[in-house]
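Protein chains in written order, with this note's numbering: chain A, 1 to 315; chain B, 1 to 315.
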């Protein structure tokens with residue numbers, strides 16, 4: 001009989017679900033609402049019910065379900081314990097045993113950013129590599145470290161928190177982590193806008209960004225159009241990102257960096273501005289790392305969750 | 001029959017060898033000269049001969065030898081290929097198959113710094129942990145990253161090159177890697193002396209270090225004696241080391257840092273000066289890492305090499 005895997009990506013607003021073949025082909029995907037009321041107590045039950053409905057709809061017997069993988073927005077230990085997921089209202093929670101008891105199939109859990117990294121390695125921008133660093137440039141900056149095909153969760157679930165590498169002593173603004181001068185303060189979407197705001201305030205140079213509200217996308221569009229001030233912003237952006245990724249490479253020396261998240265929609269130009277600084281600041285012996293853009297977008301999480309359970313089944 | 005392991009640590013001047021039980025007890029240790037002439041072509045043969053002699057002396061049959069582990073001063077890939085070991089005169093070299101063919105037992109190889117890290121995890125300062133970062137503060141600054149009990153070699157053997165994390169844009173002096181502002185330029189033995197030299201030149205403050213040649217040990221002795229200028233040096237030292245280790249923790253989130261190398265002989269005081277800066281610059285979720293001093297000294301390499309082959313045998 002054909003075998004199937006389910007991948008689940010739990011977000012603060014919606015839960016994304018996917019049905020996969022063991023070869024990593026996405027058969028179907030759908031979403032349900034994340035019910036956060038009552039400390040998020042309904043979420044696991046809702047996921048179980050949705051998986052049962054999908055299996056019934058597709059005429060899949062549970063004996064043919066290899067398992068369910070689940071990505072959660074918070075620290076998750078190697079044994080699948082969620083330490084906390086504030087966006088869901090969860091404290092410490094043993095979701096793998098909870099969901100496994102309801103469905104009667106193996107369940108594996110991981111942190112959402114780490115799981116998305118695994119998805120990009122399996123079927124996305126990092127396909128074919130197994131020493132990879134995924135970099136998510138979104139509202140914040142996240143990372144996922146993969147060594148020999150396995151996620152590095154870290155001792156307290158904080159593996160890959162590369163957005164909080166300290167890069168700048170003279171940063172007056174505070175980061176979300178209460179630090180000052182973290183990579184995230186420059187390389188996130190908010191960071192791009194912040195750097196641009198500073199550049200605009202520092203001079204009277206003309207720019208399409210002047211005297212209006214603008215987004216990170218507007219800044220990168222202006223860079224592509226040759227706006228001189230926006231190009232200065234891109235240089236600053238590239239320098240901080242290059243420095244941060246060089247530090248990461250000096251620790252784990254990956255084969256490839258896969259760059260995703262909203263800011264990465266700017267495309268190859270972002271890598272082009274970062275690369276010279278990366279090369280300047282990385283240890284020469286680690287200079288050969290490849291850089292690629294993520295390709296799975298919002299589906300990376302369901303792919304990676306499915307891969308979590310695939311790995312256990314395959315072994 | 002009792003089983004035995006050999007651990008070998010190849011240095012530029014001497015080769016250290018150790019005979020171990022599978023429980024990691026050191027039965028005997030000795031050294032031979034590293035013959036570097038003829039592009040280091042005699043080294044492997046000399047090691048094989050020395051191991052044969054030891055086995056004969058101890059009446060150990062080769063059928064009872066689980067294998068030989070070997071640490072080499074250069075990048076070594078996961079499959080045991082030495083890419084280069086300039087200090088030995090070696091280019092790319094398949095030493096595991098060379099030595100295995102001579103002795104007829106399994107051979108495993110690793111980079112010397114990484115192997116020493118593994119030794120400290122097995123029987124030294126990191127005993128009982130399996131997510132560990134070893135930091136060697138010597139002439140240079142090296143590192144060994146261990147995740148789930150295994151060394152992170154990296155894609156090009158440059159895993160754990162934490163001494164070259166860039167920390168300072170305004171550093172005029174050049175690092176050995178041709179960069180400027182690497183962790184190694186501050187946290188190594190040379191780094192301590194360099195910082196002290198600058199502090200002495202900046203002011204006329206009295207200090208026991210003034211108007212004489214001094215070593216890193218002299219600086220730390222002065223710190224312990226309450227020398228005000230030396231204490232300023234320790235603060236600068238602690239800040240750079242704390243920043244560097246915080247960056248490492250934001251990538252791999254280890255349970256423990258084990259600090260070794262010549263400078264670490266200063267003892268706990270070194271950790272005390274570093275820790276407040278580490279706490280300031282690390283992501284809050286990774287703040288709980290422990291810090292310990294290495295305990296195996298120059299024997300870490302033979303312990304770790306033995307552990308390399310122990311791991312394969314045990315599996």
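Don't be surprised by glycine CBs; every beta carbon is placed ideally from N, CA and C.
Query                                                                                                                                                                                  : Result
Per DSSP, residue 166 of chain A is paired with what?                                                                                                                                  : A/182
Could you run through the region 114 to 135 of chain A and flag, in chain order, every residue whose CB is less than 9 Å away from some CB of chain B?                                 : 129, 131, 133
Under 8 Å, do residue 3 of chain B and residue 22 of chain B count as touching if we go by C-beta distance?                                                                            : yes
Let's see if you can read the secondary structure: which residues bound the alpha helix (DSSP H) around residue 196 of chain B?                                                        : 189 to 202
Is there a C-beta anywhere in chain B that falls below 8 Å from the one on residue 250 of chain A?                                                                                     : yes
Quick check for students: name the residue ranges of the beta strand (DSSP E) that lie wholly in the region 204 to 284 of chain A, counting only runs of 3 or more.                    : 256 to 260
Please decide whether residue 288 of chain B counts as near chain A, where near means a Cβ-Cβ distance under 8 Å.                                                                      : yes
What in chain B is Cβ-close to residue 283 of chain A, meaning under 7 Å?                                                                                                              : 158, 161, 164, 177
Got a sec: which bits of the region 185 to 213 of chain B sit with their beta carbon under 8 Å from any beta carbon on chain A, in order along the chain?                              : none
List, in chain order, every chain A residue whose beta-carbon is nearer than 8 Å to that of residue 145 of chain B.                                                                    : 251, 252
To the nearest angstrom, report how far apart residue 198 of chain A and residue 68 of chain A are at their CA atoms.                                                                  : 47 Å
Counting only beta-carbon separations shorter than 8 Å, does residue 86 of chain A have a partner in chain B?                                                                          : no
Just to confirm my understanding: we take residue 193 of chain A, look at its own chain, exclude 5 residues before and 5 after, and list those with CB closer than 8 Å. What are they? : 214, 215, 216, 219
Assign residue 20 of chain B to one of two classes, buried (16 or more other C-beta atoms within 10 Å of its C-beta) or exposed (fewer than that).                                     : buried
If residue 284 of chain B sits next to residue 177 of chain A, beta carbons under 8 Å apart, how far is it from one beta carbon to the other, in whole angstroms?                      : 6 Å
So residue 140 of chain B contacts chain A; which residues on that side make the cut at Cβ distance below 7 Å?                                                                         : Under the 7 Å cutoff, chain A gives no residues; its nearest Cβ is about 12 Å from residue 140 of chain B.
Assuming residue 346 of chain A and residue 269 of chain A make a contact with CB atoms under 8 Å, what is their CB distance in whole Å?                                               : Because residue 346 of chain A is not part of the residues shown, which for chain A are 1 to 315, the question remains open.
Quick one: list the residues of chain A neighbouring residue 152 of chain B, beta-carbon separation under 7 Å, in chain order.                                                         : 147, 252
Below 8 Å between beta carbons is the criterion; list the residues of the region 96 to 110 of chain B that meet it against any residue of chain A, in chain order.                     : none
Taking the C-alpha atoms as reference points, what is the distance between residue 154 of chain B and residue 182 of chain B?                                                          : 20 Å
Would the beta-carbon of residue 189 of chain B fall within 8 Å of that of residue 142 of chain B?                                                                                     : no
Kindly indicate the opening and closing residues of the beta strand (DSSP E) around residue 30 of chain A.                                                                             : 26 to 33
Looking at chain A, is there any beta carbon in it that lies within less than 8 Å of the beta carbon of residue 307 of chain B?                                                        : no
Is residue 73 of chain B closer than 8 Å to residue 158 of chain B when the C-beta atoms are compared?                                                                                 : no
Does the beta-carbon distance from residue 124 of chain A to residue 300 of chain A come in below 8 Å?                                                                                 : yes
Could you work out which residue in A/40, A/49, A/41, A/170 is closest to residue 31 of chain A when comparing CA atoms only?                                                          : A/49
Is the Cβ of residue 73 of chain A closer than 8 Å to any Cβ of chain B?                                                                                                               : no
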